[in-house]
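Protein chains in written order, with my numbering: chain Z, 1 to 369; chain H, 1 to 601.
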């Protein structure tokens, strides 16, 4: 050690070293003790504030709850539960962008968490960002859940399904329902829900299978009969559907929906010319009736020349007296004419002009399949 | 076992023989020690504050506690730890550049205790500056006790600074940058490696004890629209103006307190405590360092009227607390001021252009850096610090633009950086950033002549001339004489000037009156041209040349009224191997062009 100056006395290296190391050891102990005290106090305080926030949320006071969650988070900032609760409070208070920012932060730290992904999906759904929301629903479904993983995943999937139902996205809906059928618990309530969703997803046959399964367990369940009736109605099995709705009416005579369904089914069954077991004459009679109804339905609104020609042709066909020997070809011709008129009506009058569950519409749609 | 001890002894001996190796080892040790002390400082302050302000406590506490806190710490500072006042940055720089890196253990202890108490009591100052002072002090104490050389002791100071700031702000990179940019004034300083080591060690200690948490949790922000940059430019302007307002208010208030009778010094901090207490009674968020409120603002929880009010109150409260002599720094408050200013600008912008601007939180984030750059004047450190404090990279470009604008405005409106101005108010001349690297080669201290016997300010012109005729200092070649009062150097005057005054009406005028008259005509005349002993001859030559001076006084950095000696142009030229001919000396007006009171007027 050269070049020392007299102003700096030559002290004991050993003494200073020992004092410094001892200082480090003592300070480390003090710091660790203080930090652990701080942590435990923060934990207690954070939990107190979080509980207060949860109570306020249950009372619907989301703004006050938000303040409590913020305070909880300020004392225990690494607590993801508090931050998630804050995001939920912000969502409930309508501060969607703030909620999104909080959830994004949470997901940046752990992108696999089921809860934050589900919360983010809900926020994005509220913001109308559906494709992103669907993506977060999937992350929630396949993400990690600390408790009740199965139930939470199913809940997330059901929420996604509800979203898809509301947007009438049948393909996506069916894709979610098939795994749900595998995962869902084997209880009647879930099965009933599943059956209805299969119908909404455009797969009534699967729905019917589910309801039959339920009826094997609970044959006297009117809801199951109702569900099976709806599934058969959607499939086009109006006779079976009518039988199911009549069973429902036996259990619930005041069920107007079932009564209406029975009426529609009977009307369809008396109108449908393609039913099995009908004589040629009856088929022809029904085809004329169908053509007549279609003509009356289309006449007020179609205006194009092609459509006018179709109306003229239909009127001529209805005026004709067809001998029994030619009723077979005439039946085919009437059905074809009815279909063309129906398509023209759809184009020129708008598809929404006639409710989908009108007997005429149901019969013509069935014939078109 | 014995062989192990022998090997250890050998290693220690080897270590002692090489100061560079010792410095490397010490940077680790100092990093750990300072990190632990800073963590203790943070925890202690927090726990004390929690005791003083329990949840649901009465409002009167907010007036009583800071008033009492400032009263007690004010007395302790005055009685036992006079060097522990203020932030600690100017004191650290003074220790580094003037006192050969010497900071006493007493100051370290005083700073730690008084700052803990005063910050916990709600004084509107920050903990980072004091941490830097404590860190630098510990480094200095250890290095001196290990018997290291003067230069090595000085080299340890920035190591302690970076370790302290790394732990206080949880910003290891910005800590190193700050030590180099602000403390050393030289980004290429040779202590870079050891500063990095100590900063990293301190940061690791912080994480070991407190975990990995940034100072602020911030939602991810981004530039919504390129046109939004215009709003960030506006924020730079507002932030710059706010910074200048804060700095000027603080400096003026400090001067005002300094002019009060000396016997009130121990009581002055109470003015700061009472001010912040009264403000805090109505607006509690103005108290303390206010980081929890800053975090709220950063996350977009902004009410325009409230943030504007808080920005103003915080500027006043911090200026008052600091100027009155409380212990605490201005780092934290500058972040608070910046965040509130930024939030206000952001809220207004978002109100008018909701689709094209980010929320006010983004502007609060940039505002923090803006105020830091404007007040502390370390633009590079401020950018990196905001990035490290929030760990949000996405807003870095607007941050750089705003910072630069704030820095420029601050520089234009307040030339002298705050720490240099504070030191100057204390009679300490800190070297300017550009001048610090000049201390290599020949120094003024090598060539200067000792201070000659001086003229009293009470002498008349005639008496002064008589005195000069009786004794000729500086081997008879001195052409000017120092004039002193009871506090030290007042100015200089040449024989020619005295003779000129003697021929006029001023024969019996006192020298002090001569100076006063000059000051009345030209207030700038009070700024005595001078150099310091550690200035290079090159710098001295430039300064003499710019003022056409044959002689320039050499004064102490630690006390600008202390005359150390004189530097003669001939001596400087001689040091460069140049000798002037007598004719050159007798050039017309060569002596008369010395700066005199009359010339200044």
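Even glycine gets a Cβ: it sits at the ideal position worked out from N, Cα and C.
{"Check": "Going by DSSP in three states, residue 253 of chain Z sits in which element: helix, strand or coil?", "Outcome": "coil"}
{"Check": "Between which two residues does the alpha helix (DSSP H) harbouring residue 131 of chain Z extend?", "Outcome": "130 to 142"}
{"Check": "For the ligand PLP, is there a heavy atom less than 8 Å away from the beta-carbon of residue 99 of chain Z?", "Outcome": "For the ligand PLP, the structure offers nothing, since it holds no ligand at all."}
{"Check": "May I ask which residues mark the beginning and end of the beta strand (DSSP E) holding residue 103 of chain H?", "Outcome": "That residue, residue 103 of chain H, is in no beta strand (DSSP E); it is neither H nor E in DSSP."}
{"Check": "Can you tell me the Cβ-Cβ gap for residue 489 of chain H and residue 555 of chain H, rounded? I've got them flagged as a contact below 8 Å.", "Outcome": "6 Å"}
{"Check": "For residue 535 of chain H, does the count of other Cβ atoms within 10 angstroms reach 16, so buried, or fall short, so exposed?", "Outcome": "buried"}
{"Check": "Does any CB atom of chain H fall closer than 9 Å to the CB of residue 23 of chain Z?", "Outcome": "yes"}
{"Check": "Assuming residue 378 of chain H contacts residue 402 of chain H under a Cβ cut-off of 8 Å, what Cβ separation, rounded to an integer in Å, is found between them?", "Outcome": "At roughly 15 Å, the Cβ-Cβ gap does not stay under 8 Å, so residue 378 of chain H and residue 402 of chain H are not in contact."}
{"Check": "Residue 90 of chain Z to residue 302 of chain H, Cα distance in whole Å?", "Outcome": "15 Å"}
{"Check": "Counting pairs of beta carbons, one from the region 27 to 37 of chain Z and one from the region 152 to 163 of chain H, are three or more of them closer than 8 Å?", "Outcome": "no"}
{"Check": "Please confirm whether residue 48 of chain H has its beta-carbon closer than 9 Å to some beta-carbon of chain Z.", "Outcome": "no"}
{"Check": "So residue 190 of chain H is in the beta strand (DSSP E); what residue range does that whole segment cover?", "Outcome": "Note, residue 190 of chain H: premise wrong, no beta strand (DSSP E); not H, not E."}
{"Check": "Report yes or no: is there a C-beta of chain C within less than 9 Å of the C-beta of residue 33 of chain H?", "Outcome": "Here the protein chains are Z and H, and chain C is not one of them."}
{"Check": "Can you give the beta carbon distance from residue 419 of chain H to residue 90 of chain H, rounded, assuming they're within the 8 Å contact cut?", "Outcome": "5 Å"}
{"Check": "Over what stretch of residues does the beta strand (DSSP E) that includes residue 492 of chain H continue unbroken?", "Outcome": "488 to 494"}
{"Check": "By the 9 Å beta-carbon criterion, what residues does the region 92 to 120 of chain Z contribute toward chain H?", "Outcome": "95, 97, 98, 100, 101, 102, 104, 105 and 108"}
{"Check": "With a CB to CB cut of under 6 Å and the five nearest residues on each side skipped, what residues in its chain are close to residue 112 of chain Z?", "Outcome": "143 and 144"}
{"Check": "What in chain H is Cβ-close to residue 31 of chain Z, meaning under 7 Å?", "Outcome": "36, 39, 40, 43 and 209"}
{"Check": "Please report whether the beta-carbon of residue 7 of chain H lies at a distance below 9 Å from any beta-carbon of chain Z.", "Outcome": "no"}
{"Check": "Let me see if you follow: with CB-CB separation under 9 Å, is residue 28 of chain Z close to chain H or not?", "Outcome": "yes"}
{"Check": "Closest by CA to residue 236 of chain Z, which one among Z/118, Z/266, Z/87 and Z/173?", "Outcome": "Z/266"}
{"Check": "Look up residue 392 of chain H in the DSSP assignment and say whether it is helix, strand or coil.", "Outcome": "coil"}
{"Check": "Mind pulling the chain H residues with CB within less than 8 Å of residue 78 of chain Z?", "Outcome": "211 and 213"}
{"Check": "For residue 536 of chain H, does the three-state DSSP call read helix, strand or coil?", "Outcome": "strand"}
{"Check": "Can you tell me whether residue 272 of chain Z is buried or exposed? The criterion is at least 16 other CB atoms within 10 Å of its CB, across all chains shown.", "Outcome": "buried"}
{"Check": "Whose C-alpha, out of Z/16, Z/350, Z/286 and Z/67, is nearest the C-alpha of residue 332 of chain Z?", "Outcome": "Z/286"}
{"Check": "So is residue 397 of chain H buried or exposed if we call it buried at 16+ other beta carbons inside 10 Å?", "Outcome": "exposed"}
{"Check": "Can residue 304 of chain H and residue 233 of chain H be called in contact, C-beta distance under 9 Å?", "Outcome": "no"}
{"Check": "What is the rounded straight-line gap between the Cα of residue 72 of chain H and the Cα of residue 264 of chain H?", "Outcome": "14 Å"}
{"Check": "Answer with yes or no whether the minimum CB distance from residue 359 of chain H to chain Z is below 9 Å.", "Outcome": "yes"}
{"Check": "Exposed or buried, what is residue 281 of chain Z when buried is set at 16 or more other beta-carbons lying within 10 Å of its beta-carbon?", "Outcome": "exposed"}
{"Check": "Tell me which residue opens and which closes the beta strand (DSSP E) that residue 568 of chain H is part of.", "Outcome": "563 to 568"}
{"Check": "Per DSSP, which residues does residue 443 of chain H bridge with? Please list them.", "Outcome": "H/536"}
{"Check": "Using the rule of at least 16 other Cβ atoms within 10 Å of the residue's Cβ for burial, across every protein chain shown, is residue 146 of chain H buried or exposed?", "Outcome": "buried"}
{"Check": "Use the C-beta contact count for residue 83 of chain Z: other C-beta atoms within 10 angstroms, 16 or more gives buried, fewer gives exposed.", "Outcome": "buried"}
{"Check": "Please list the terminal residues of the continuous beta strand (DSSP E) segment that includes residue 552 of chain H.", "Outcome": "551 to 555"}
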